[in-house]
Structure formats: C-alpha cells, structure tokens
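Protein chains in written order, with the working numbering: chain A, 1 to 80; chain B, 1001 to 1367.
Pasting the structure below:
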C-alpha cells in the first residue's frame, strides 16, 4: 500500500482553514502545530469526511485533501 | 437535500431580484441571461415567481464583489470560495455575492456563471448543501454542460414551498446508489488496469487502496463526452478508451479526448448503415479482436487489420451460450468476459464457452 504521506505544513493550513470556514471549527489563534491532532480538528475532519462520503479517518488523507482543494460555494456545510 | 437550520423561508412566493453590478468577464446580456435562467430552474419546480427590478431594494440583491466586502464573509481570491448567498430574510437575507476574482464564463471553462448562480439561489430560497453529488446543491463545483435540478433539489425546494403549479410536476435525474441492488450500467470498461462503470452522467470506480467506491461526473475527466454512454472498451496497446453513443464514438487517452472525434461507427468500423448504435463492446489484447454487441447479434473487428472479420454478425446466443439476447455492457478481466444485463452479471469463461458465475451487477463494489 502506498504510504500515506505525512501532510505537508501547507496541507495542515488548508485543513485548518477549510474546517474553520465550512465546519465551524473555532479559531482561538493558538499555534496550528498544536492543533493538528487536537480533538476538535479530528472531530470536524470526520464530519467533513462523512459529508463527502469519504472514508471517515479523522486524518487528512489524499482523498480528503483532494476534496478540500476543489473550488466550492462559500456557504458552510454545517450551521454556524 | 438539507434545509437551512431554523427553516427560514420567504413568506411571499412572488419575489423580486436586482442585479446591482456586472462582472466585466461577460457581456451584460449574458449575465442577465444566466441569472434569469437560474431563477427559472427554481420557479419551474415550485410555486415561486421572480421579477427583476432595476432600482431600490429587492428581496434578492445580486452583486459581484471581491475580498472583504463587509458582510463578515470575505472572499479569498481566485479559486477556492467562488460565491455565497444568505438565507431568506430581510436586508442581506437572500442576497447573492459572486467573487469577482474568479473568471465568470458562459461555457465549459471555469467558472460557469449560470451553474454557480443556480446553486447560490438555492441558498437564497432556504436550502443548505446536499450530500448528493449529483445535486445542484452539492458544495463543490462541477459542470457537465447542462444545468438542471436533480430530483434531490426538487424534493428540497418542494419541502419548503410545496409543489409547482405546473400541471406536469418536474422530475429530475437521480444519482446512482452504488449499493442499490437494482443498479444497472450503461457501459463498463477496463482503463489502465482499473475497471470503470458508467451510468447516466456518472462514472463509478473502485480502487484497491481505497474501500469507498468513487462516484463522480464523467465530465470530471472528459467534459466533451455526452452522458448516457452506451458502450466503452479499451485498446490497451494504443492506451485508448473508445466511448460509444448512437452512431458516434469518441476516443480518449488518459484525460484527453483525441482530436477529430466523434467519428461515425459505420465508416470507422464497417458496420452496415442499419446499425444505429452499439450496446456493448470489449477488446481482447492478446488477439487484437474486438467484439461489438448489437441487439441479439455480435460483430468481431480486427484492431490490427482495422476491418471487420468476415462471417459476421453472428448470434450472441450461439457463441456465448446462456448470455441471452441482449447485452448492456461487457468487459474482460483475466480469461473471462463479464457480461452485464440489467441487474445481472455473468462471468463467462472464454475457453470453455460457459458461464461460470451469476453475479449482481454491482458485485465489484463490496456492498
């Protein structure tokens, strides 16, 4: 199986921004690094993966990042 | 579909809209046309009517803006976030904003204004995002040349405002459910070691590294191809896939539709003019022979000589006993042909000329 590449720093940023914009992840300004595997991020990531019918892993795998990079509507997928 | 939390809706069904400013990317008339058509999709499926006004405050104000435009939801430059809209209500309620940092088009190139407007107006009327990838209200952008309400979108808008007053209730396309036991296919082909299944506007494929079946629009790979393909097969040593619909066919390599297509099947393969379409096709890499299935007969074409073999057509029932008189789709894997007819799939052994196994059409999807 191809090793799932460790998400690049830029990907971590994409995940953070996407979840803040569309899945109501709170941004309390703390360092992204500490947030990568934090509870809220994992939980919101699973919510996004569920919405898009992806494998629900809570980690930003290739398929998940591919969806996050697609152009889309600015309205959140979950209510703020 | 999903309704916006709190179920906001317009109490009056006759709504007004105003286009406050115009993108320089398109002629004004094209913008007017795109927005008017987008409203018409929703009015056709509901009791709502929309009247364009040219000054003052309308229910739905439409504008092209960039970056931070003072609504607490700044845009993000080219790509990413394309547009947004506000749920029904006074003031900014119902308003729709398009990101002026995008290029707005009236064709297949990114991003088609009509397609995005149809989605955003769904929000203006009270809909949220749908998880149905075939629905207009799905969050990500996909454009396959047509803009229409899927059945999911129609169900959503009618859940808020009730049925249309049109004597004939509109119906929209449904998205295939990969584990639906009634699933049938239009065409199936191998493609660079994988197998791709086609139905209506969609392809489905499995990936050994990923358990979820991938379902998306055919236009994601080949925007020029029509939906409702009828047959497809791979010519491995040319790295080509050929797609058939009616008396035409297209050839693709990877994501590129090859130049000069579509071509006519009769002049290309030597079918008699009486053959108006192909039901299914499959090619054997080892022999260079391609089998075309049409109604209850089949032809054999030699890819190397690029001509039909003599003595054809023959009866399917004679050389593929048990397969019956009609084939929807077929592909080859190892020493077997997999024939599809309705919800059934037959694993056929080419050596013994016998059906080995009867399967469900969607048996490859690990349901």
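Here a beta-carbon is modelled for each residue, glycine too, at the ideal position from N, C-alpha and C. All figures in this text were calculated on a predicted structure; none of them were measured in a lab.
Those residues of the stretch 1129-1142 of chain B placed with their C-beta closer than 7 Å to a C-beta in chain A are 1129, 1131, 1139, 1140, 1141, ordered along the chain.
Considering only beta carbons, the part of the stretch 67-78 of chain A lying closer than 9 Å to chain B consists of 67, 69, 70, 71, 72, 73, 74, 75, 76, 77, 78, in chain order.
The beta carbon of residue 1073 of chain B falls within 8 Å of a beta carbon belonging to chain A, placing the residue at that interface. Cβ atoms of residue 16 of chain A and residue 1140 of chain B stay farther apart than 8 Å, at about 19 Å.
At the C-beta level, residue 1101 of chain B and residue 1075 of chain B come within 8 Å of one another.
When the five nearest sequence neighbours on each side are left out, the beta carbons in the same chain lying within less than 7 Å of the beta carbon of residue 1163 of chain B are those of 1169, in order along the chain. In the structure shown, the three-state DSSP call for residue 1196 of chain B is strand. As the crow flies, the alpha-carbon of residue 25 of chain A is around 9 Å from that of residue 80 of chain A. In the three-state reduction of the DSSP assignment, residue 1308 of chain B falls in the strand class, which pools E and B. At least one CB of chain A lies nearer than 8 Å to the CB of residue 1123 of chain B. If one requires a minimum length of 3 residues, the beta strand (DSSP E) runs lying completely within the stretch 1073-1133 of chain B are 1081-1085, 1096-1099, in chain order.
Collapsing the DSSP output to three states places residue 1050 of chain B in a strand. Here residue 1178 of chain B has 1204, 1213, 1215, 1362, 1365, 1367 as same chain residues with Cβ atoms under 8 Å from its own Cβ, once five neighbours each way along the sequence are excluded.
Our two residues, residue 1302 of chain B and residue 62 of chain A, have alpha carbons roughly 41 Å apart in a direct line. Sequence-ordered contacts of the stretch 1224-1246 of chain B with chain A are nonexistent [C-beta pairs closer than 7 Å]. When DSSP assignments are scanned along the stretch 1279-1339 of chain B, the uninterrupted stretches of beta strand (DSSP E) that are 3 or more residues long and fall wholly within it turn out to be 1280-1284, 1289-1294, 1297-1302, 1329-1333. The straight-line gap separating the alpha-carbon atoms of residue 59 of chain A and residue 77 of chain A is approximately 19 Å. Here the alpha carbons of residue 1276 of chain B and residue 1348 of chain B stand approximately 27 Å from one another.
Listed by position along chain B, the residues whose Cβ is nearer than 7 Å to that of residue 54 of chain A are 1212. Residue 1265 of chain B is positioned such that its CB atom lies no closer than 8 Å to that of residue 1252 of chain B. In this structure the stretch 44-56 of chain A does not touch the stretch 1059-1071 of chain B; the number of beta carbon pairs closer than 8 Å is below three. In terms of beta-carbon proximity, residue 1081 of chain B lines the interface with chain A, with at least one pair separated by less than 8 Å.
Among the residues of the stretch 1109-1121 of chain B, those with a Cβ less than 9 Å away from any Cβ of chain A are 1110, 1111, 1116, 1119, 1120, in the order of the chain. Looking at the backbone, the Cα of residue 1077 of chain B and that of residue 1020 of chain B are separated by about 21 Å. Among the residues facing chain B, residue 63 of chain A is included, as its CB has a counterpart in that chain under 8 Å away.
DSSP, reduced to helix, strand and coil, places residue 10 of chain A within a helical segment of the structure shown. Judged by their CB atoms, residue 1186 of chain B and residue 1229 of chain B are nearer to each other than the 8 Å cut-off. Residue 1126 of chain B is positioned such that its CB atom lies no closer than 8 Å to that of residue 1150 of chain B. Taken through DSSP and simplified to helix, strand or coil, residue 1222 of chain B comes out as coil.
For residue 1070 of chain B, there is no enclosing alpha helix (DSSP H), since its DSSP letter is neither H nor E. For residue 1145 of chain B, the CB contacts under 8 Å within the same chain, skipping 5 residues up- and downstream, are 1108, 1219, 1223 in chain order. According to the DSSP assignment, residue 64 of chain A belongs to the alpha helix (DSSP H) that extends over 62-68.
Contact annotation: the stretch 1189-1209 of chain B does not touch the stretch 1153-1161 of chain B, with fewer than three C-beta pairs closer than 8 Å.
When C-beta distances to chain A are compared with 7 Å, the residues of the stretch 1082-1094 of chain B below that value are 1082, 1083, 1084, 1085, in chain order.
For residue 1272 of chain B, the closest alpha carbon among the candidates B/1255, B/1284, B/1294 is that of B/1294.
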